[in-house]
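Numbering (our numbering), first residue to last: 4 to 181.
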């Protein structure tokens, strides 16, 4: 009886096998695909966070510009904000490196000097928007009371996943002159 149980045990043991090299390699490949997927999701989350930061800064910049323009009515009516914003946006790096307009926080300034200071202050010192371009327009010229003022800000952001090219985003804020 013992001989038959030993024979039965030997046959049973030969059918049992452990993990082979192929199973381990397949497990590693599956694990790596999962890790790469998680890394891709993390990269997309970082990109979305950066885009959100740029959009928040653009909203802040447009709101701040509108508030400054509401205070400086004469600068809006003269068209100084429009012309200064166009000059700044045409070549922002040289505009910001150029001469700083008259400091209007501690000094008294004319309406045009205040408009120049406002655009320079927001475009060169305060904003952290990538390659920003500012456009200010009015529904009529001169921009009198009751006209619609549009403040458009454009900036660059990285394109979609796997894209090296930059995409341009824009934001337009409109308000009615009182």
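Ideal Cβ positions, reconstructed from N, Cα and C, are used throughout, including at glycine.
From a predicted model like this one, the values you see are computed outputs, not experimental measurements.
Rounded straight-line distance, which links the Cα of residue 141 to that of residue 127: 23 angstroms
DSSP three-state call for residue 173: helix, strand or coil? strand
As assigned by DSSP and simplified to three states, the class of residue 154: strand
So what does DSSP say about residue 180, is it helix, strand or coil? Correct three-state label for residue 180: coil.
Give me, in chain order, the residues of the same chain whose beta-carbon lies closer than 6 angstroms to that of residue 114; leave out the 5 immediate sequence neighbours on both sides. 75, 77, 78
Can you tell which of 93, 135, 89 has the C-alpha that lies nearest to the C-alpha of residue 171? 135
Just checking my contact of residue 91 with residue 138 at CB under 8 angstroms: how many whole Å lie between their CB atoms? Contact doesn't hold; Cβ gap of about 10 angstroms is too wide.
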